[in-house]
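Residue numbers (our numbering): 96 to 245.
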């Protein structure tokens with residue numbers, strides 16, 4: 096899902112490619128994203144997703160052609176991450192883009208992406224058995240590998 100007329104002008108061939116018109120925002124953007132995510136996850140059934148969380152969808156971005164406000168960018172992140180949770184797919188979030196004149200806007204957008212990822216990780220962690228890095232499991236592993244005075 097990208098701005099159809101944005102760089103690069105000659106697009107690489109891909110399995111799912113949805114080019115959006117300049118200025119696309121709000122409900123239209125989120126509706127198209129929802130349909131595209133459902134289709135992509137149904138076709139691919141991924142175990143792992145690499146999510147390129149570009150900030151150039153922001154309305155104030157100098158190079159982007161879409162028009163999402165900061166709340167809509169955060170909602171986009173939540174949609175993608177929720178789809179990963181629903182599919183049981185692990186996700187790697189990659190930050191990208193961000194060419195707004197006000198650097199604070201870019202920082203806010205990327206922080207929103209991080210916050211959405213943290214919320215998603217907490218949601219993903221609810222109801223599962225403890226694993227590596229989790230409290231009791233981690234303490235148990237340290238106890239087994241701790242050096243002794245022998």
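C-beta: ideal position from N, C-alpha, C; glycine also.
Inspect the beta-carbon positions of residue 114 and residue 156 and report whether they are closer than 9 Å. no
So residue 153 and residue 168 are supposed to be a Cβ contact under 8 Å. How far apart are they, rounded? 6 Å
Following the continuous beta strand (DSSP E) through residue 185, name the residue where it begins and the one where it ends. 185 to 191
How is the alpha helix (DSSP H) around residue 152 delimited, first residue to last? According to the DSSP assignment, residue 152 belongs to no alpha helix (DSSP H), since it is labelled neither H nor E.
Can at least three beta-carbon pairs, one atom from the segment 133 to 146 and one from the segment 181 to 188, be found at a separation below 8 Å? Yes, since at least three Cβ pairs between the segment 133 to 146 and the segment 181 to 188 fall closer than 8 Å, the two stretches touch.
Backbone secondary structure at residue 161 - three-state DSSP: coil
Extent of the continuous alpha helix (DSSP H) to which residue 130 belongs: 121 to 139
Selected residue, minimal CA-CA separation from residue 188, among 160, 97, 210: 210
Mind checking whether residue 111 and residue 138 have CB atoms under 9 Å apart? yes
Using the DSSP secondary-structure output, state which residues sit across from residue 102 in a beta bridge. Beta-bridge pairing links residue 102 to no other residue.
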